[in-house]
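Student: In terms of full-length UniProt numbering, the sequence shown opens at residue 1 and continues consecutively.
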Amino acid sequence: RTARRLLAEGKVITYEQAEIAASLITLKFKDDEAILAANECTSVETAIAFLQQECELCTGRFSVNQMISMLKCIHRCCNECAKNYFTIQISDRNIMDAVCPFCKEPDLKDASEDDILEYFSILDIQLKSLLDPPIHELFQRKLRDRTLMQDPNFKWCAQ
1 RTARRLLAEG KVITYEQAEI AASLITLKFK DDEAILAANE CTSVETAIAF LQQECELCTG
61 RFSVNQMISM LKCIHRCCNE CAKNYFTIQI SDRNIMDAVC PFCKEPDLKD ASEDDILEYF
121 SILDIQLKSL LDPPIHELFQ RKLRDRTLMQ DPNFKWCAQ
């Protein structure tokens, strides 16, 4: 019955997806998460794995939409751990330390300026929805200051 309703409401495209979503809803997953998993996966088993990914920092289990992938490696963590990690890195450390908490990739010390700018522009987009606005603004200020210091003609005002 749930499968037919999901199909009739247009929340899934095929009856197989509707059956997967209905099974997940029966297992007490939220409707929107069940539909997302049903649209992405081909079986109930893979859908459950999709919805119960392990955070590598806190070891909690989270759905895929509550996880974040690091930009230059294979590591993942939950949004809350990523928020805490990047908040500390941005608040207390050099902006060049805003890298993967596991493997410290990318190695920005040996990277070209173009690679560094590309990494930070993508990271900026990723962090905008993750961080509190004052921390994101600090991130952008630190990026701006780093860029200014790369210019040999730039001098800080003495006042």
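Note that CB positions come from ideal geometry on N, CA and C, so glycine has one too.
Residues in its own chain within less than 6 Å of Ala34 by CB, not counting five upstream and five downstream?
Tutor: For Ala34, where only same-chain residues beyond five positions count, the Cβ hits under 6 Å are Ala21, Leu24 and Ile25.
Student: Could you compute how far the alpha carbon of Cys81 sits from the alpha carbon of Cys58?
Tutor: Each residue's alpha carbon lies about 7 Å from the other.
Student: When the distance is taken between beta carbons, is His75 closer than 9 Å to Ala41?
Tutor: Ala is not the amino acid found at residue 41; the sequence shown has Cys there. Cβ distance not < 9 Å, so Cys41 and His75 don't count as in contact.
Student: List the whole-angstrom C-beta distance separating Ile95 from Leu143, where the pair is believed to meet the contact cut-off of C-beta under 8 Å.
Tutor: Right, the Cβ-Cβ distance comes to about 6 Å (below 8 Å), so this counts as a contact.
Student: Does DSSP put Glu105 in a helix, in a strand, or in coil?
Tutor: Here Glu105 sits in coil by DSSP.
Student: Quick one: is Ala18 buried, meaning 16 or more other Cβ sit within 10 Å of its Cβ, or exposed?
Tutor: Buried.
Student: So that I know if they touch, is there some Cβ in chain E lying closer than 9 Å to that of Ile135?
Tutor: Here chain E cannot be found, since the structure has a single protein chain.
Student: Could you name the residues of the same chain whose beta carbon sits closer than 7 Å to that of Val12, not counting the 5 residues immediately before and after it, in chain order?
Tutor: For Val12, where only same-chain residues beyond five positions count, the Cβ hits under 7 Å are Leu6, Ala18, Ala21, Ile35, Ala38 and Asn39.
Student: Please confirm whether Met70 and Glu105 have their CB atoms less than 9 Å apart.
Tutor: Yes, Cβ-Cβ distance for Met70 and Glu105 is below 9 Å.
Student: Can you give, in chain order, each stretch of the alpha helix (DSSP H) that sits fully within the region 39–96 and has at least 4 residues?
Tutor: The qualifying runs are 44–51 and 79–92.
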